[in-house]
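Since the structure comes first, as structure tokens, the remarks are kept for the end.
Protein chains: 2
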Amino acid sequence: MSGKPAQRLASGGGAAVDDRSVAARLFAILDAFATPAGATSFTLSLTAIAQRAGLPLSTTHRLVAEWVGWGGLTRQDNGQYSLGMKLWELGVQTPTARNLRTIALPYLEDLYETTREHVHLAILDGRDALYLEKLSGHHAVRLTSRVGARLPLHSTGVGLVLLAHAPTDVVQDYLATSLERFLPGTVTEPDAVRRRLAEIRLTGVARMSEEMTLGSSSIAAPIRDRTGLVVAAVSIVIRTTDTANPEQERAVRVAAQGVSRALGYRRAQQ
Amino acid sequence: MSGKPAQRLASGGGAAVDDRSVAARLFAILDAFATPAGATSFTLSLTAIAQRAGLPLSTTHRLVAEWVGWGGLTRQDNGQYSLGMKLWELGVQTPTARNLRTIALPYLEDLYETTREHVHLAILDGRDALYLEKLSGHHAVRLTSRVGARLPLHSTGVGLVLLAHAPTDVVQDYLATSLERFLPGTVTEPDAVRRRLAEIRLTGVARMSEEMTLGSSSIAAPIRDRTGLVVAAVSIVIRTTDTANPEQERAVRVAAQGVSRALGYRRAQQ
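Residue numbers (full-length UniProt numbering), protein chains in the order written: chain W, 1 to 270; chain F, 1 to 270.
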């Protein structure tokens, strides 16, 4: 702390500016490891980290050593770096990840046993559906989703449920931008999406088919907290060729209601 | 970067010293949120963070703002702070957490369906069994384990399996320290533990009863990678009062072998 006056001279804007710059550089190094949805996790060389973080190699070398010392990065046998288990240990303690997942998991397992299909649990985070949990059997249809993945709101079952119950300004902002048409069946026209969201609110369930991945369809339902607020969505993803089965939709509703009750939700009409 | 000469003057030991100190202070803030095994995740006030991190309130305020800006901490409505979802998002991308868990999950689900008991997946990390996954039904026996928890090696089924297959120096170091006796039945005498590890290597399974939690017993088996190295352990935790059931042990072995095969392991005798 005795260095502050000199640092202030150096940065020209107070010690905070200098600290922030170190913090920003540290964060840029971890952000270099963020993988897009569907991609596999990876290791990076020091040079690759420096390039992705936009930092000089010497600075990168020094700051990577800081992360390794704390456990945020791990040095592999081949000299490359990967994200470290310390991040995972702290990450699974985040209230949302831990409490919601812990409460929901038995109901997700029931849903998986009943349907034998991929089971997803997702929350709204920014403009994305963030996948908190995914249960899959050995032979389920192949998907790009994974735990920690972010997928669009308008082209996934859980995303549509989350958007249908999002605050008006979130929906307006989302529909104000151009929505990607992943497949011919993807609904992207704002008014058509709005009608769809109204129907989801009315029926309590979202159904979509081949709007994100060829050959896969989804049935999703909202999870509510004690106050009735929709805090998450649960879905199953099935093969589009499978015959429509009313039992599947019922199982998704039962799972969503089970988690909601466990979160303290009681229906107004009860 | 233009500030470096002045920073060097300020810290008296080169710019690296100043950067390292900022990094260490940033890490100390996150470490304030680390919860002991079994504890629930929590939120902390700014004052509590400053106390736990051993930092002045003004520094804490500034660095907490850095973490919030990046997403490593989240400010709750009541003004308290919790770990942020960014940590979870990056954490679930760590190679061990992601690949091992993804590969193992279908087999863990099978094991859960067969036995209806708690299912654990753990790896050796330092002197602890680190719990990567836990599946539990609605009515399983109550336990302190949770995803991300660290539990001792000598008093848990997965821990004994991991210790039985650890390098000799790891076992020696572990047994050189005094082992905690959680319950009257906990085996803590080094030679008794050694005999136990030898038997686990011989039989391919660890059984323990009421050595960590009253009323709960465990059956655990090793998971091997392509090279035959034990990289994880899987277990079920059952009520001690339940009648011993050979089918349960068989189910644990089948699950462990399934994950091992999925990791590329082929038995030498095959």
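All residues carry an ideal CB built from backbone N, CA and C; glycine is no exception. Note that this is a predicted model, so its numbers are computed, not measured.
Where residue i falls, given that 16 or more other Cβ within 10 Å makes a residue buried
i, result
"S178/F", "exposed"
"S58/F", "exposed"
"T241/F", "exposed"
"G38/F", "With a pLDDT of only 46 at G38/F, under the threshold of 50, the placement of this residue in the model should not be trusted; the figure read from the coordinates follows. G38/F comes out exposed."
"P167/W", "exposed"
"A176/W", "exposed"
"Q172/F", "exposed"
"R98/F", "buried"
"G79/F", "exposed"
"L124/F", "buried"
"R261/W", "exposed"
"P222/F", "buried"
"Y265/W", "buried"
"T243/F", "exposed"
"L202/F", "exposed"
"L162/F", "buried"
"Q7/W", "In this prediction, Q7/W scores a pLDDT of 38, lower than 50, which makes its location untrustworthy; no coordinate-derived value is stated."
"L183/F", "exposed"
"D18/W", "At D18/W the pLDDT is 42, less than 50, meaning the model places this residue with poor confidence; the figure from the coordinates comes in the next sentence. With 16 or more Cβ atoms within 10 Å of its Cβ, D18/W is classed as buried."
"T156/W", "buried"
"G258/W", "buried"
"E109/W", "buried"
"E66/F", "buried"
"R267/F", "exposed"
"P246/F", "exposed"
"R146/F", "buried"
"P56/F", "exposed"
Beta-carbon neighbours of residue i, restricted to chain W and to distances below 9 Å
i, result
"M85/F", "G91, T94, T96, A97, I123, D125 and L130"
"G137/F", "P106, E109 and D110"
Short Cβ contact (7 Å threshold) for residue i with residue j
i, j, result
"V22/W", "V22/F", "yes"
"L135/W", "V158/W", "no"
"H165/W", "V193/W", "no"
"A251/W", "L46/W", "no"
"I200/F", "I219/F", "no"
"Y107/F", "A255/F", "yes"
"L160/F", "A198/F", "no"
"A53/W", "A28/W", "yes"
"V234/W", "L105/W", "no"
"R224/W", "V230/W", "yes"
"G137/F", "R150/F", "no"
"A50/W", "T60/W", "yes"
"G126/F", "E89/W", "no"
"L63/F", "L26/F", "yes"
"L87/F", "L87/W", "yes"
"T188/W", "R181/W", "yes"
"L130/W", "R101/W", "no"
Contact set between residue i and chain F, taken where Cβ atoms lie within less than 7 Å
i, result
"L26/W", "A23 and L26"
"E113/W", "E113"
Contacts of residue i in chain F (Cβ-Cβ under 8 Å)
i, result
"S82/W", "T94 and P95"
"F33/W", "L90 and Q93"
Under 8 Å from the C-beta of residue i: neighbouring residues of chain W
i, result
"L30/F", "L90"
Proximal residues of chain W, C-beta to C-beta of residue i below 7 Å
i, result
"V147/F", "V92"
Residue i: CB within 6 Å of a non-hydrogen atom of the ligand COA
i, result
"D110/W", "As for the ligand COA, it is missing from this structure, which has no ligand bound."
Quiz item: Is the segment 83-93 of chain W close to the segment 60-74 of chain W, with three or more CB pairs under 8 Å?
Solution: Yes, the segment 83-93 of chain W is in contact with the segment 60-74 of chain W.
Quiz prompt | Within the segment 185-258 of chain W, ranges of the alpha helix (DSSP H) (whole runs, at least 4 residues) | solution = Fully enclosed alpha helix (DSSP H) runs of no fewer than 4 residues occupy 190-203 of the segment 185-258 of chain W, in order along the chain.
Self-check item: Contiguous alpha helix (DSSP H) assignments of at least 4 residues, all confined to the segment 78-158 of chain F
Solution: If only uninterrupted alpha helix (DSSP H) runs of at least 4 residues are considered, those enclosed by the segment 78-158 of chain F are 85-91 and 101-115.
Quiz prompt | Contact between the segment 207-217 of chain F and the segment 89-97 of chain F (3+ Cβ pairs under 8 Å) | solution = Cβ pair count under 8 Å is below three, so no.
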